[in-house]
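Asks: The structure that follows is given in the form of structure tokens.
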Amino acid sequence: MPESATVPAPRQYSYLGPAGTFTEAALAQVPEARGQRWKSVHNVGEALADVVEGSSHAAMIAIENSVDGGVSTAQDALATIPGLRIIGEYLVPVDFVLVARPGVRLDEVTLVSAHPVAYAQCLQWLSRTLPEHAHIPAASNVASALGILEGTSDADAAIAPPGILDHHELDLLAEKIGDNENAVTRFVLVGRTVAPPPATGADKTSLIVELPDDHPGALLEMLEQFATRGINLSLLASRPIGDSLGRYRFVIDADGHIQDERMADALMGLRRFSPKVIFLGSYPRADRSIVRYSERYSDEVFVEARDWLRGLISGEPGV
């Protein structure tokens, strides 16, 4: 290797930690993040600030859960922090284990530490297995386990992600204790503003859109920008803007890519309609499912319609 050649510095990726969280499991799915530096942070705001400031190449954040719906803190952050793009999405099955300090038996457990969301997703199992238990809320799924391990919690056992066992000496009392075996959390990898990757045919476009004013049919007018172009929406969620009561922004996931003619046309329609459209990115779907649509919404149809209009304007004969 020439003396002038240097080894590139490793990229840094921020994620909601500590080690063993579902967010870490999502980051482990990113091929380009393997072998790089991973930074554990305390919240979504800190993770995204790392990206904006340039200390991290990207941040992994949870944005939607199949049981609890959208993650409001993530949606609000993406709506208010400029200069960010979603560059990928990843799905993590949500399951939980019950862990304890070494030597504790399941029949000895009366006090369970858990994050409130995790506790709610395991309540049926707990009610059947430990009907007389009490609950101590924890700040996070991993914090519940660390509290009993470090002696800062009075709980006998903790509900935690399975990955906790890879990092800490805890006894497994029970596994697969979640009440919904199909529960999944959707994570997105967020970087600074860049050009979208090329369309793959299995893509998703994420947006945040505000209505121009509050009048009958305003939401329908927004949705028609997609419906009249044959675009399916996989997510439509409302979040309060916060400047006055009754004002909302809409978080949207639409099937397709900004390079698709139908999607580009819809975005231009939204731009004319809405006072604020935030483009969060076009990126490959986590399930790699090909987006299906009617042939009347193909790229060729939109191109032909534009060519036809140009012909009318220029006075081409036969148009």
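Those letters in the sequence shown? Residues 806 to 1124, per this note's numbering, in order. In this text, a Cβ means the ideal position worked out from N, Cα and C, and glycines have one as well.
Helix, strand or coil: which one does DSSP assign to D959?
Replies: Within the sequence shown, numbered from 1, the residue matching residue 959 stands at position 154. Of the three classes helix, strand and coil, the one that applies to D959 here is coil, per DSSP.
Asks: For R839 versus Q817, is the C-beta distance shorter than 8 Å?
Replies: For this step, residue 839 is matched to residue 34 along the sequence shown. For this step, residue 817 is matched to residue 12 along the sequence shown. No, the pair does not count as a contact, with Cβ atoms beyond the cut-off.
Asks: In angstroms with no decimal places, state the Cα-to-Cα distance between S1099 and H847.
Replies: To locate residue 1099, count along the sequence shown from 1; it is residue 294. To locate residue 847, count along the sequence shown from 1; it is residue 42. Cα to Cα, the separation comes out at about 45 Å.
Asks: Would N946 and H972 be called neighbours here (beta carbons separated by less than 8 Å)?
Replies: On the sequence shown, position 141 is the one that residue 946 refers to. On the sequence shown, position 167 is the one that residue 972 refers to. No; because the gap between Cβ atoms is not below 8 Å, this pair is not in contact.
Asks: Could you tell me how far apart the beta carbons of G1074 and Q1030 are, in whole angstroms, since I believe they sit closer than 8 Å?
Replies: Within the sequence shown, residue 1074 is the residue found at index 269, counting from 1. Within the sequence shown, residue 1030 is the residue found at index 225, counting from 1. Sure, about 4 Å apart at Cβ, within 8 Å.
Asks: Given a threshold of 16 other Cβ atoms within 10 Å of its Cβ, counted over all protein chains shown, does S860 qualify as buried or as exposed?
Replies: Position 55 of the sequence shown, counted from the first residue, corresponds to residue 860. It counts as exposed.
Asks: Please state the DSSP three-state secondary structure of L1016.
Replies: As a position in the sequence shown, residue 1016 is number 211, starting the count at 1. Note: L1016 maps to coil in three-state DSSP.
Asks: Can you name, in chain order, every residue of its own chain whose Cβ lies under 7 Å from the Cβ of G996, other than the five neighbours on each side?
Replies: For the purposes of this step, residue 996 is taken as the residue at position 191 of the sequence shown. Around G996: V856, H862, A863, R890, I892.
Asks: Would you check if there are 3 or more beta carbon pairs closer than 8 Å linking the stretch 1099-1109 to the stretch 1012-1028?
Replies: Too few Cβ pairs lie closer than 8 Å, so no.
Asks: Could you tell me whether the Cβ atoms of V1096 and D1008 are closer together than 8 Å?
Replies: The residue given as residue 1096 occupies position 291 in the sequence shown. The residue given as residue 1008 occupies position 203 in the sequence shown. Contact: yes.
Asks: How far does the beta strand (DSSP E) with Q817 in it reach, from first residue to last?
Replies: For the purposes of this step, residue 817 is identified with residue 12 of the sequence shown, where counting begins at 1. Note, Q817: beta strand (DSSP E), 817-821.
Asks: So, helix, strand or coil for T828, using DSSP?
Replies: Along the sequence shown, one-based indexing puts residue 828 at 23. DSSP places T828 in helix when its eight states are reduced to three.
Asks: Does the Cβ of G908 have 16 or more other Cβ atoms within 10 Å, making it buried, or fewer, making it exposed?
Replies: Taking the sequence shown and counting its residues from 1, the one referred to as residue 908 is at position 103. So G908 counts as exposed.
Asks: What is the rounded straight-line gap between the Cα of S1087 and the Cα of V989?
Replies: The residue labelled residue 1087 in the question sits at position 282 within the sequence shown. The residue labelled residue 989 in the question sits at position 184 within the sequence shown. In a straight line, the C-alpha of S1087 is about 21 Å away from that of V989.
Asks: State the Cα-Cα distance for the pair E869 and L978, rounded to the nearest angstrom.
Replies: As a first step, residue 869 is located in the sequence shown; it is residue number 64 there, counting from the start. As a first step, residue 978 is located in the sequence shown; it is residue number 173 there, counting from the start. So the two alpha carbons sit approximately 29 Å from each other.
Asks: Leaving aside the five residues before and after A882 along the sequence, list all residues of the same chain whose C-beta is less than 7 Å from its C-beta, in chain order.
Replies: Within the sequence shown, the letter at position 77 stands for residue 882. The residues are V849, G850, L853.
Asks: Measure the CB-CB distance between L1038 and F1084 and report whether it falls below 8 Å.
Replies: Counted from its first residue, the sequence shown places residue 1038 at position 233. Counted from its first residue, the sequence shown places residue 1084 at position 279. No. Outside cutoff.
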